[in-house]
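Below is one structure; the comments refer to it alone.
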Amino acid sequence: MTEQLDQTDRVVVTPPDPAQVDRVVAVALAEDLRDGPDVTTAATVPPALIGTGFITPRAAGVLAGAPVAAAVLAQVDPSLTLTVLVPDGGTLVPGVPAMRITGPVASMLTAERTVLNLLTHLSGIATATRAWVDAVAGTGARIRDTRKTLPGLRTLEKYAVRCGGGVNHRMSLGDAALIKDNHVAAAGSVAAAVAAVRSTDPHIALEVEVDTLVQLDEALAAGATVVLLDNFDLADTAEAVRRTRAAAPSVALESSGGLTLDRATAVAATGVDFIAVGALTHSAPALDLGLDLDVPTR
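So in UniProt numbering, spot 215 of the sequence shown is number 215, and the numbers just go up one at a time.
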(Lines of atoms letter the chains of each structure in order from A and count residues from 1; the text may use other names and numbers.)
(Lines give C-alpha, C1' and ligand atoms only; values in the text may rest on other atoms or scores of the structure.)
Protein backbone atom coordinates (compact mmCIF):
# COMPACT_ATOMS: atom_id res chain seq x y z
CA MET A 1 0.00 0.00 0.00
CA THR A 2 1.25 3.49 -0.85
CA GLU A 3 0.29 6.76 0.79
CA GLN A 4 1.17 10.24 -0.52
CA LEU A 5 1.34 13.08 2.00
CA ASP A 6 0.17 16.48 0.82
CA GLN A 7 3.01 18.60 -0.51
CA THR A 8 2.74 22.30 -1.30
CA ASP A 9 5.67 21.97 -3.70
CA ARG A 10 4.39 18.84 -5.41
CA VAL A 11 5.87 18.30 -8.88
CA VAL A 12 3.40 16.70 -11.30
CA VAL A 13 5.19 14.21 -13.54
CA THR A 14 3.60 11.71 -15.90
CA PRO A 15 4.16 8.35 -14.16
CA PRO A 16 5.91 5.42 -15.83
CA ASP A 17 3.95 2.54 -17.32
CA PRO A 18 2.98 0.32 -14.33
CA ALA A 19 3.36 -2.87 -16.37
CA GLN A 20 6.91 -1.91 -17.32
CA VAL A 21 7.70 -1.04 -13.71
CA ASP A 22 6.43 -4.42 -12.56
CA ARG A 23 8.55 -6.22 -15.17
CA VAL A 24 11.73 -4.41 -14.14
CA VAL A 25 11.04 -5.04 -10.46
CA ALA A 26 10.33 -8.73 -11.03
CA VAL A 27 13.68 -9.15 -12.82
CA ALA A 28 15.54 -7.25 -10.08
CA LEU A 29 13.99 -9.31 -7.29
CA ALA A 30 14.65 -12.54 -9.18
CA GLU A 31 18.37 -11.69 -9.15
CA ASP A 32 18.37 -11.25 -5.37
CA LEU A 33 16.24 -14.33 -4.67
CA ARG A 34 17.59 -16.69 -7.34
CA ASP A 35 19.15 -19.02 -4.75
CA GLY A 36 16.30 -18.93 -2.29
CA PRO A 37 15.08 -16.58 0.45
CA ASP A 38 17.16 -14.03 2.34
CA VAL A 39 19.09 -16.36 4.64
CA THR A 40 20.59 -13.59 6.79
CA THR A 41 17.24 -11.96 7.49
CA ALA A 42 15.58 -15.33 8.10
CA ALA A 43 18.21 -16.14 10.71
CA THR A 44 18.26 -12.80 12.53
CA VAL A 45 14.80 -11.24 12.28
CA PRO A 46 11.76 -12.72 14.07
CA PRO A 47 9.02 -13.29 11.45
CA ALA A 48 6.43 -11.37 13.49
CA LEU A 49 8.63 -8.30 14.13
CA ILE A 50 6.99 -5.08 12.90
CA GLY A 51 8.93 -1.87 12.42
CA THR A 52 9.44 1.32 10.46
CA GLY A 53 12.13 2.19 7.96
CA PHE A 54 12.98 5.58 6.50
CA ILE A 55 14.50 6.09 3.05
CA THR A 56 16.85 8.96 3.80
CA PRO A 57 19.18 10.89 1.45
CA ARG A 58 22.82 11.21 2.43
CA ALA A 59 23.34 13.91 -0.21
CA ALA A 60 21.26 16.70 -1.72
CA GLY A 61 19.41 15.92 -4.92
CA VAL A 62 16.10 15.28 -6.66
CA LEU A 63 13.93 12.26 -5.94
CA ALA A 64 12.73 9.87 -8.64
CA GLY A 65 11.29 6.41 -8.28
CA ALA A 66 8.44 6.35 -5.77
CA PRO A 67 6.24 4.16 -8.02
CA VAL A 68 9.18 1.78 -8.43
CA ALA A 69 9.80 1.54 -4.68
CA ALA A 70 6.10 0.87 -4.18
CA ALA A 71 6.18 -1.91 -6.76
CA VAL A 72 9.16 -3.58 -5.07
CA LEU A 73 7.45 -3.57 -1.69
CA ALA A 74 4.18 -4.84 -3.16
CA GLN A 75 5.91 -7.77 -4.86
CA VAL A 76 7.91 -8.69 -1.74
CA ASP A 77 5.05 -8.29 0.76
CA PRO A 78 1.75 -6.50 0.08
CA SER A 79 1.37 -5.81 3.80
CA LEU A 80 4.25 -3.31 3.65
CA THR A 81 3.04 0.31 3.58
CA LEU A 82 4.98 3.04 1.78
CA THR A 83 4.36 6.68 2.70
CA VAL A 84 5.93 9.17 0.29
CA LEU A 85 7.20 12.17 2.24
CA VAL A 86 8.86 13.93 -0.71
CA PRO A 87 7.17 13.72 -4.13
CA ASP A 88 9.08 12.57 -7.18
CA GLY A 89 10.71 15.67 -8.65
CA GLY A 90 10.97 17.16 -5.16
CA THR A 91 14.19 18.38 -3.56
CA LEU A 92 16.00 16.03 -1.18
CA VAL A 93 17.73 17.40 1.90
CA PRO A 94 20.46 15.27 3.47
CA GLY A 95 19.19 13.60 6.64
CA VAL A 96 15.52 14.41 5.97
CA PRO A 97 13.53 11.24 5.15
CA ALA A 98 11.96 10.98 1.71
CA MET A 99 9.84 7.87 2.34
CA ARG A 100 8.57 5.84 5.27
CA ILE A 101 8.02 2.09 5.16
CA THR A 102 6.06 0.25 7.84
CA GLY A 103 5.36 -3.44 8.22
CA PRO A 104 7.20 -6.72 8.74
CA VAL A 105 10.89 -6.02 9.22
CA ALA A 106 11.92 -9.26 7.52
CA SER A 107 10.08 -8.28 4.33
CA MET A 108 11.47 -4.76 4.51
CA LEU A 109 15.06 -6.00 4.67
CA THR A 110 14.48 -8.45 1.84
CA ALA A 111 13.28 -5.56 -0.33
CA GLU A 112 15.89 -3.05 0.86
CA ARG A 113 18.64 -3.46 -1.73
CA THR A 114 16.30 -3.68 -4.71
CA VAL A 115 14.48 -0.54 -3.57
CA LEU A 116 17.73 1.35 -3.02
CA ASN A 117 19.37 0.17 -6.25
CA LEU A 118 16.51 1.57 -8.29
CA LEU A 119 15.94 4.72 -6.23
CA THR A 120 19.60 5.75 -6.16
CA HIS A 121 19.98 5.23 -9.91
CA LEU A 122 16.80 7.06 -10.87
CA SER A 123 17.35 9.87 -8.37
CA GLY A 124 20.88 10.29 -9.74
CA ILE A 125 19.42 10.81 -13.21
CA ALA A 126 16.83 13.28 -11.90
CA THR A 127 19.52 15.17 -9.99
CA ALA A 128 21.81 15.40 -13.04
CA THR A 129 18.90 16.54 -15.19
CA ARG A 130 17.94 19.26 -12.72
CA ALA A 131 21.50 20.66 -12.85
CA TRP A 132 21.21 21.02 -16.64
CA VAL A 133 17.71 22.47 -16.42
CA ASP A 134 18.90 25.03 -13.87
CA ALA A 135 21.87 25.92 -16.09
CA VAL A 136 19.60 26.92 -19.01
CA ALA A 137 16.84 28.53 -16.95
CA GLY A 138 15.49 31.68 -18.58
CA THR A 139 16.82 30.90 -22.07
CA GLY A 140 13.82 29.04 -23.46
CA ALA A 141 15.91 25.94 -24.23
CA ARG A 142 14.79 22.58 -22.85
CA ILE A 143 16.98 19.70 -21.79
CA ARG A 144 16.21 16.51 -23.69
CA ASP A 145 17.41 12.93 -23.21
CA THR A 146 18.47 10.33 -25.79
CA ARG A 147 18.13 6.57 -26.34
CA LYS A 148 21.46 6.01 -24.57
CA THR A 149 19.78 4.06 -21.80
CA LEU A 150 20.48 0.81 -19.98
CA PRO A 151 18.74 -2.19 -21.57
CA GLY A 152 15.36 -2.76 -19.94
CA LEU A 153 15.41 0.50 -17.97
CA ARG A 154 14.50 3.05 -20.63
CA THR A 155 10.97 3.68 -19.37
CA LEU A 156 12.19 4.28 -15.82
CA GLU A 157 15.24 6.32 -16.79
CA LYS A 158 13.20 8.60 -19.02
CA TYR A 159 10.71 8.98 -16.17
CA ALA A 160 13.61 10.12 -13.98
CA VAL A 161 14.57 12.71 -16.61
CA ARG A 162 11.03 14.09 -16.42
CA CYS A 163 11.31 14.21 -12.62
CA GLY A 164 14.39 16.38 -13.04
CA GLY A 165 12.55 18.80 -15.32
CA GLY A 166 13.82 17.48 -18.64
CA VAL A 167 11.81 16.29 -21.63
CA ASN A 168 11.95 12.99 -23.45
CA HIS A 169 13.12 12.34 -26.97
CA ARG A 170 12.18 9.09 -28.73
CA MET A 171 11.12 6.16 -26.57
CA SER A 172 11.79 3.74 -29.43
CA LEU A 173 12.89 3.58 -33.03
CA GLY A 174 9.32 3.62 -34.26
CA ASP A 175 7.74 6.64 -32.61
CA ALA A 176 9.65 9.25 -34.63
CA ALA A 177 12.18 9.39 -37.46
CA LEU A 178 15.72 10.59 -36.81
CA ILE A 179 17.91 10.73 -39.90
CA LYS A 180 21.56 10.48 -38.87
CA ASP A 181 24.81 10.54 -40.85
CA ASN A 182 24.71 6.82 -41.68
CA HIS A 183 21.17 7.16 -43.02
CA VAL A 184 22.32 10.07 -45.19
CA ALA A 185 25.25 8.01 -46.44
CA ALA A 186 22.96 5.11 -47.31
CA ALA A 187 20.33 7.31 -48.99
CA GLY A 188 22.85 9.48 -50.86
CA SER A 189 21.98 12.88 -49.44
CA VAL A 190 19.98 14.66 -46.76
CA ALA A 191 17.25 15.48 -49.26
CA ALA A 192 17.05 11.89 -50.46
CA ALA A 193 16.83 10.56 -46.90
CA VAL A 194 14.05 13.01 -46.00
CA ALA A 195 12.13 12.15 -49.16
CA ALA A 196 12.43 8.43 -48.41
CA VAL A 197 11.01 8.84 -44.90
CA ARG A 198 8.20 11.09 -46.12
CA SER A 199 7.25 8.59 -48.82
CA THR A 200 6.97 5.90 -46.15
CA ASP A 201 5.07 7.98 -43.58
CA PRO A 202 4.12 11.54 -44.58
CA HIS A 203 2.99 12.46 -41.07
CA ILE A 204 5.68 11.08 -38.76
CA ALA A 205 7.77 13.57 -36.76
CA LEU A 206 11.04 13.89 -38.65
CA GLU A 207 14.35 15.09 -37.25
CA VAL A 208 17.54 15.39 -39.30
CA GLU A 209 21.05 15.38 -37.87
CA VAL A 210 23.43 17.74 -39.68
CA ASP A 211 27.15 18.27 -39.33
CA THR A 212 27.51 21.52 -41.30
CA LEU A 213 25.63 24.67 -42.15
CA VAL A 214 25.40 23.44 -45.76
CA GLN A 215 23.58 20.32 -44.56
CA LEU A 216 21.34 22.54 -42.40
CA ASP A 217 20.23 24.47 -45.47
CA GLU A 218 19.55 21.19 -47.27
CA ALA A 219 17.51 19.83 -44.33
CA LEU A 220 15.43 23.00 -44.12
CA ALA A 221 14.74 22.94 -47.84
CA ALA A 222 13.79 19.26 -47.66
CA GLY A 223 11.15 19.88 -44.98
CA ALA A 224 12.67 18.61 -41.74
CA THR A 225 10.52 19.19 -38.64
CA VAL A 226 13.48 19.30 -36.25
CA VAL A 227 17.17 19.69 -37.04
CA LEU A 228 19.88 18.28 -34.77
CA LEU A 229 23.05 20.34 -34.83
CA ASP A 230 25.78 17.78 -34.17
CA ASN A 231 29.05 19.06 -32.71
CA PHE A 232 28.49 22.65 -33.86
CA ASP A 233 30.62 25.29 -32.16
CA LEU A 234 28.96 28.35 -30.64
CA ALA A 235 29.44 30.56 -33.68
CA ASP A 236 27.96 28.01 -36.08
CA THR A 237 25.14 27.25 -33.65
CA ALA A 238 24.21 30.93 -33.54
CA GLU A 239 24.36 31.13 -37.33
CA ALA A 240 22.19 28.00 -37.60
CA VAL A 241 19.59 29.66 -35.39
CA ARG A 242 19.66 32.82 -37.50
CA ARG A 243 19.25 30.91 -40.77
CA THR A 244 16.49 28.69 -39.44
CA ARG A 245 14.45 31.52 -37.96
CA ALA A 246 14.69 33.34 -41.28
CA ALA A 247 13.97 30.41 -43.60
CA ALA A 248 11.72 28.12 -41.54
CA PRO A 249 10.61 29.65 -38.22
CA SER A 250 8.51 26.61 -37.23
CA VAL A 251 11.50 24.23 -37.35
CA ALA A 252 12.97 23.38 -33.94
CA LEU A 253 16.73 23.18 -33.40
CA GLU A 254 18.51 20.77 -31.09
CA SER A 255 22.17 20.95 -30.06
CA SER A 256 24.06 17.74 -29.43
CA GLY A 257 27.56 16.32 -29.21
CA GLY A 258 30.34 17.10 -26.78
CA LEU A 259 28.21 19.35 -24.60
CA THR A 260 29.22 19.96 -21.00
CA LEU A 261 27.36 21.53 -18.11
CA ASP A 262 29.69 24.54 -17.99
CA ARG A 263 28.84 25.30 -21.67
CA ALA A 264 25.10 24.74 -21.33
CA THR A 265 24.17 28.37 -20.67
CA ALA A 266 26.14 29.67 -23.63
CA VAL A 267 24.71 27.06 -26.00
CA ALA A 268 21.17 27.70 -24.81
CA ALA A 269 21.66 31.46 -25.21
CA THR A 270 22.12 31.02 -28.97
CA GLY A 271 18.38 30.37 -29.22
CA VAL A 272 18.23 26.60 -29.80
CA ASP A 273 15.06 24.87 -28.65
CA PHE A 274 16.60 21.71 -27.18
CA ILE A 275 19.91 20.54 -25.78
CA ALA A 276 20.37 16.77 -26.06
CA VAL A 277 22.35 15.22 -23.20
CA GLY A 278 23.07 11.51 -23.41
CA ALA A 279 24.97 11.67 -20.13
CA LEU A 280 21.70 12.15 -18.24
CA THR A 281 21.04 8.44 -18.56
CA HIS A 282 24.35 6.81 -19.46
CA SER A 283 26.64 8.56 -16.98
CA ALA A 284 24.63 10.01 -14.08
CA PRO A 285 26.15 8.95 -10.74
CA ALA A 286 23.85 7.27 -8.23
CA LEU A 287 22.46 9.53 -5.52
CA ASP A 288 23.31 8.27 -2.04
CA LEU A 289 20.15 7.09 -0.24
CA GLY A 290 19.89 4.66 2.64
CA LEU A 291 17.35 2.79 4.72
CA ASP A 292 17.32 3.69 8.41
CA LEU A 293 15.45 1.05 10.41
CA ASP A 294 13.51 1.77 13.59
CA VAL A 295 12.23 -1.30 15.43
CA PRO A 296 10.68 -1.67 18.90
CA THR A 297 13.05 -2.55 21.73
CA ARG A 298 12.76 -6.25 22.48
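Quick reminder that beta carbons are idealized off the backbone N, C-alpha and C, glycines included.
In the three-state reduction of the DSSP assignment, P104 falls in the strand class. Its Cα nearest to that of A60, the residue P285 stands out among L293, P285, L118, A135. D230: member of the beta strand (DSSP E) spanning 226–230, first to last residue. When the alpha-carbon of D22 is set against those of D211, P104, L156, the nearest one is in L156. At the C-beta level, D236 and L229 come within 9 Å of one another. Secondary structure note for R263: it is in no beta strand (DSSP E), with a DSSP letter that is neither H nor E.
Assigned with DSSP and collapsed to three states, V277 falls in coil, not helix or strand. In the three-state DSSP reduction, T91 falls in the strand class (E or B).
No Cβ-Cβ contact shorter than 9 Å links A246 with F274. Taken in chain order, the whole alpha helix (DSSP H) runs of length 4 or more contained in the stretch 94–175 are 105–135, 154–163.
In the DSSP annotation of this structure, T270 is not part of any alpha helix (DSSP H), being labelled neither H nor E. Taking the CA atoms as reference points, G258 sits about 51 Å from I50. DSSP places A59 outside any alpha helix (DSSP H), giving it a letter other than H or E. Leaving aside the five residues that flank S256 on each side, the residues in its chain whose CB is nearer than 6 Å to its CB run, in chain order, L228, D230, A276. A distance below 9 Å separates the beta carbons of A268 and A141.
Per DSSP, the beta bridge partners of I179 are V208. Sorting V27, A222, V295, V214 by C-alpha distance to the C-alpha of V115 places V27 at the top. Per DSSP, A252 lies in no alpha helix (DSSP H); the unbroken beta strand (DSSP E) holding it starts and ends at 252–256. Non-local C-beta neighbours of A71 in its own chain, meaning closer than 6 Å and more than five positions away in sequence, comprise V21, D22, V25, ordered along the chain. Within the same chain, Cβ atoms closer than 7 Å to the Cβ of T41 are found at A106, L109, T110, the five residues on either side in sequence being excluded.
Within the model, the alpha-carbon separation for V13 versus R162 is close to 7 Å. With fewer than 16 neighbouring CB atoms inside 10 Å of its own CB, A186 falls in the exposed class.
A residue is called buried once 16 or more other Cβ atoms fall within 10 Å of its Cβ, and A19, having fewer, is exposed.
Taken through DSSP and simplified to helix, strand or coil, L80 comes out as coil. Annotation: S172 to R154 spans about 9 Å, alpha carbon to alpha carbon. Short of 6 Å from the beta carbon of V197, and not among the five residues preceding or following it, lie these beta carbons of its own chain, in chain order: A177, L206.
According to the DSSP assignment, L289 belongs to the beta strand (DSSP E) that extends over 289–294. Note that the C-beta distance between A240 and A222 is not below 9 Å. Taking a C-beta distance under 9 Å as the contact criterion, D145 and V167 qualify as a contact pair.
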